[in-house]
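Student:
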Amino acid sequence: MKTASHRPDALTITLSSLNSPDPFARHSDFDDQLGLRFDEPRERRRIWAVRDLVAQVRDQVEQEYGDIWVEGEISNFRPAPSGHVYFTLKDADAQLPIVLFRRQAMLLRFRPEDGLHVLVRGRVSIYEQRGQLQLVAETIEPVGAGSLQLAFEQLKERLKAEGLFDTERKKPLPLFPHTVGVVTSPTGAVIRDFLNIVARRHSGLNVLVCPVSVQGDSAAAEIEAALAELNASHLVDIIVLARGGGSLEDLAAFNSERVARAIALSRLPVVSAVGHETDFTIADFAADLRAPTPSAAAELITEAQHKIAEHLATQSHRLERAARFQLLQARQRLTRLPVSRAESRVTTFLHRLDQRLDDAAQRLDGAISTQMRMRQHRIANLATAVLRYDPRQNLAHARAHFVDMRTRIDRCLERLIESSAASLNALDARLHSLSPLAVLDRGYALVLSSNGDLIRSAAQIAAGELVTTRLADGSFVSSVESTAAGTPQADAKNTPTAPTPGKRGKKSIS
34 MKTASHRPDA LTITLSSLNS PDPFARHSDF DDQLGLRFDE PRERRRIWAV RDLVAQVRDQ
94 VEQEYGDIWV EGEISNFRPA PSGHVYFTLK DADAQLPIVL FRRQAMLLRF RPEDGLHVLV
154 RGRVSIYEQR GQLQLVAETI EPVGAGSLQL AFEQLKERLK AEGLFDTERK KPLPLFPHTV
214 GVVTSPTGAV IRDFLNIVAR RHSGLNVLVC PVSVQGDSAA AEIEAALAEL NASHLVDIIV
274 LARGGGSLED LAAFNSERVA RAIALSRLPV VSAVGHETDF TIADFAADLR APTPSAAAEL
334 ITEAQHKIAE HLATQSHRLE RAARFQLLQA RQRLTRLPVS RAESRVTTFL HRLDQRLDDA
394 AQRLDGAIST QMRMRQHRIA NLATAVLRYD PRQNLAHARA HFVDMRTRID RCLERLIESS
454 AASLNALDAR LHSLSPLAVL DRGYALVLSS NGDLIRSAAQ IAAGELVTTR LADGSFVSSV
514 ESTAAGTPQA DAKNTPTAPT PGKRGKKSIS
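Okay, so the sequence shown: first residue is 34 according to my numbering, each after it adds one.
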């Protein structure tokens, strides 16, 4: 027999029991008597495709975490050229990638930056191409300060570093202005209070109202255009930028960079009379003078220049934020309905494609930059090689060598000519010293026979012959009367000896 198990209660089966005509009954008896259970056949294991698994996990995660708030610190902040914003939200123990798409990024009132502690609202999703968990953000709020307050501080520090708030650039106000230009809303209480105070305190002051919107998305552009128009008109002596008080959202136009730069570029003095006495805007720091209220501005311009008019406040930004919040809640409710699942999936798919496009653009930029650096390096090497073998450089070296050799040849010729001239002068002097004519100049004479032969001895002539005597300045013919032979030494002492001319001497004589 065979042993099925080594346990004490193991089942022992004989060979004869295997031949039972009813094996099921046999098994049933065993089951009843010994409590045995027979395992059912196992199901086949399921094999997932990576895309299917990630997609199913993403759907479950998006359903479970469709609207959450996450708090952390911003790091690796990276805005993409497409307008989307990518960064990492981290704390001491973990980090989470965040993507803020262009439409939501345009609604931010402040500029996110590394190290900023924020609250992020959005939904958790998975980026399939990387298999990466990420949070698709809907809105971002700074912790401890509002977004507008943070934007205000960031812009204030940047413009202050540029020198737009320096005291040196402030222009003095005219003491007796004839016309004042007021940039404000034409329908608000600010302009009415301003006109009432001006009429009561200085009826002769002309007021030119330049109507603009003082809140809303177009307010900053209208204020900038109004300042430029008043500066170009040459009709006013001073400009008052007036607006009533309100919340930080209501004063957003006066905290914009374009309004601050327009005030700095103004050739006319600008008085900022925006908000309450406790309200400070970027326009206040950029202006030449800040008035606490519009009414105080009217008094400052007319006499003391100290007050400005009443305040005008609206709740446009608050209404916008409330509408966005309601829209976000409605969107979240719609995404939970089966009918709107398709729209949510399409939106998620488009966002995913945008993110992939940003990744591809980043890789393309890196590849292009690498290729450009390689080509620039190659061009630089080729340029260096061309310059090394440039015939113009060889020609310049040859020309310089030619000029040097020519200078050396000229110097050698000059020295040779000078040496030849010195030798020639020496020979000429020597030749002149040996010339018979030089001897004749010293008082000697040459005696020639009638045949023209030089008479060297008295024995060569006889009495009665005609001889020619050559002197230095001429000659004469004489007749020999007698000859006498004398002692050579006596003759040498008493009679000068005629020199013996050579061929040149004869030629010079003749």
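Note that the Cβ used here is the ideal one computed from N, Cα and C, for glycine as well.
Leaving out five residues on either side along the sequence, give the residues of the same chain with a beta carbon under 7 Å from the beta carbon of R84.
Tutor: E161
Student: What's the call for T217, buried or exposed, on a 16-neighbour Cβ count within 10 Å?
Tutor: buried
Student: Report yes or no: do the stretch 477–490 and the stretch 449–461 share at least 3 C-beta pairs separated by less than 8 Å?
Tutor: no
Student: Can you round the beta-carbon distance between G155 and E106 to whole angstroms, since I take them to be within the 8 Å contact cut?
Tutor: Going by Cβ atoms, the distance from G155 to E106 rounds to 17 Å, so no, they are not a contact pair.
Student: Since I315 is in the alpha helix (DSSP H), which residue starts that stretch and which ends it?
Tutor: I315 to A319
Student: Could you compute how far the alpha carbon of C445 sits from the alpha carbon of P469?
Tutor: 38 Å
Student: Could you tell me the distance, in whole angstroms, from the CA atom of S511 to the CA atom of S456?
Tutor: When rounded, the distance between both Cα atoms is 43 Å.
Student: Sort R357, A505 and L241 by Cα distance to Q137 and report the nearest one.
Tutor: R357
Student: Whose C-beta lies closer than 7 Å to the C-beta of Q93 among residues of the same chain, with five residues either side of it excluded?
Tutor: none
Student: Using a threshold of 8 Å, state whether the C-beta atoms of V132 and Q165 are closer than that.
Tutor: no
Student: Mind checking which residues open and close the beta strand (DSSP E) that includes R212?
Tutor: It is worth fixing the name first, because residue 212 is Thr in this sequence and not Arg. T212 -> beta strand (DSSP E) spans T212 to T217.
Student: Work out the CA separation of D124 and F110 for me, nearest whole Å.
Tutor: 15 Å
Student: Does L467 come out as helix, strand or coil in the three-state DSSP assignment?
Tutor: helix
Student: Looking at C-beta atoms only, is the number of pairs between the stretch 231–238 and the stretch 258–269 that lie closer than 8 Å three or more?
Tutor: Touching, no, given that fewer than three Cβ pairs across the two stretches are closer than 8 Å.
Student: Pick helix, strand or coil for K539, following the three-state DSSP scheme.
Tutor: Note that K539 scores 36 on pLDDT, short of 50, meaning its location in the model is unreliable; the coordinates nonetheless yield the value given after this. Helix at K539.
Student: When the distance is taken between beta carbons, is F287 closer than 8 Å to V269?
Tutor: no
Student: Once the 5 residues before and after N264 are set aside, which same chain residues still bring their CB inside 7 Å of it?
Tutor: S299, R300 and L301
Student: Are there 16 or more other CB atoms within 10 angstroms of the CB of A459, so buried, or fewer, so exposed?
Tutor: exposed
Student: Can you give me the Cβ contacts of A505 inside the same chain, cut-off strictly under 6 Å, excluding the 5 residues immediately before and after it?
Tutor: L473 and D474
Student: DSSP beta-bridge partners for Q165?
Tutor: Y160
Student: Looking only at C-alpha atoms, which of P210, T440, A330 and S251 sits nearest to V304?
Tutor: A330
Student: Does L345 come out as helix, strand or coil in the three-state DSSP assignment?
Tutor: Note that L345 scores a pLDDT of 38, beneath 50, so its modelled location is shaky and nothing firm can be said.
Student: Do you know offhand how far P244's Cα is from A222's?
Tutor: 13 Å
Student: Is G196 buried or exposed, if buried means 16 or more other CB atoms sit within 10 Å of its CB?
Tutor: By the 10 Å Cβ count, G196 comes out exposed.
Student: For the alpha helix (DSSP H) that N264 lies in, which residues bound it at each end?
Tutor: Segment A252 to S266, the alpha helix (DSSP H) holding N264.
Student: Quick one: grab the DSSP three-state call for F382.
Tutor: helix
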